[in-house]
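One structure is given below, encoded as structure tokens.
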Amino acid sequence: MNDQNLMQIIIIAILLLCGYLYLLQFVVKHSVNRSANTLLAIVLLIIYTGISVPLLMIFSRLGDMNFILLAILLLTACIVLFAALYGCLQHFRELNKGMLALFILYVLMVGYITIFSRTEGHSREIILQFDSIEEALKMRSIEPLQHLWLNILMFVPIGVLFSLIQPDRLAKLIFAIPLGLLLSTVIETTQMLLQRGQCDIEDIFANTLGAFIGLLLVRIFRRRKTE
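Per my numbering, the sequence shown starts with residue 71, numbered consecutively.
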């Protein structure tokens with residue numbers, strides 16, 4: 071198994087996990103019997119796995135890993151979009167329309183910077199190790215971490231803006247990891263499929279951490295404001 075196939079498998083696993091977490095959140099939220107949420111999560115996991123595994127086997131026979139990756143990406147995006155649209159329609163009056171517009175605009179800007187501003191074939195390198203952290207420890211310098219810090223900072227506004235769309239419902243840390251994972255994985259997947267930029271597992275980690283920090287900052291400021 072080469073690095074590209076391994077990276078594709080990792081991204082597929084992340085996408086499937088994000089899809090399950092968002093689907094679980096949607097189902098639990100509309101569950102009548104709250105005491106049965108644990109059992110509901112297990113049953114949903116069995117059903118989700120039972121559907122995902124056969125689909126993966128079918129896709130693997132129909133095409134290469136890129137085809138599977140694209141199919142899983144579209145499936146996960148549909149699940150998340152459905153949950154998000156349903157939530158927005160259910161509580162439309164409570165949404166901060168300005169923050170929602172800023173969030174969409176910022177996500178589009180990040181997508182343009184990380185994907186579409188680069189020419190095709192800019193780099194086909196796939197990095198599966200935390201090279202910058204290892205290099206920083208060897209050199210005893212923070213200079214190799216510059217790329218990591220920039221990826222963290224780039225996703226901090228995403229966590230902030232997302233939580234401010236509806237602070238009472240979305241400013242929860244449980245949303246931070248799936249949000250960061252999904253958006254970052256979509257970027258890395260698109261880079262891999264279009265061969266624009268480099269596909270880096272370190273970027274996914276940094277972006278997810280950035281979204282987590284952004285959402286955490288909103289919670290801290292809101293807590294101080296209420297005290």
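Ideal Cβ positions, reconstructed from N, Cα and C, are used throughout, including at glycine.
Integer-rounded CB distance, given that residue j should sit under 8 Å from residue i
i           : j           : result
residue 228 : residue 288 : The pair is not a contact, with the Cβ atoms about 12 Å apart (cut-off 8 Å).
residue 274 : residue 173 : 20 Å between Cβ atoms; not a contact.
residue 249 : residue 232 : 6 Å
residue 280 : residue 218 : Contact doesn't hold; Cβ gap of about 10 Å is too wide.
residue 101 : residue 110 : 6 Å
residue 282 : residue 247 : 6 Å
residue 168 : residue 230 : That belief does not hold up - the Cβ atoms of residue 168 and residue 230 are roughly 13 Å apart, past 8 Å.
residue 271 : residue 80  : 6 Å
residue 82  : residue 184 : No, residue 82 and residue 184 are not in contact; Cβ-Cβ is about 20 Å, not under 8 Å.
residue 86  : residue 122 : 6 Å
Start-to-end residues for the alpha helix (DSSP H) that takes in residue i
i           : result
residue 176 : 167–181
residue 232 : 216–235
Classification of residue i by the beta-carbon crowding that lies within 10 angstroms, buried from 16 upward
i           : result
residue 115 : exposed
residue 252 : buried
residue 84  : buried
residue 120 : exposed
residue 93  : buried
residue 171 : exposed
residue 262 : buried
residue 112 : exposed
residue 149 : buried
residue 266 : buried
residue 187 : exposed
Closer than 8 Å to chain C by CB, residue i
i           : result
residue 163 : In the structure shown, chain C does not exist; there is a single protein chain.
Please give the ranges of any beta strand (DSSP E) in the region 74–122, keeping only runs that are unbroken, at least 3 residues long and fully inside the region. none
Would you say the region 119–127 touches the region 101–110, given that touching needs at least three Cβ pairs under 8 Å? no
Counting only runs of 4+ residues fully inside the region 257–285, write out the alpha helix (DSSP H) ranges in chain order. none
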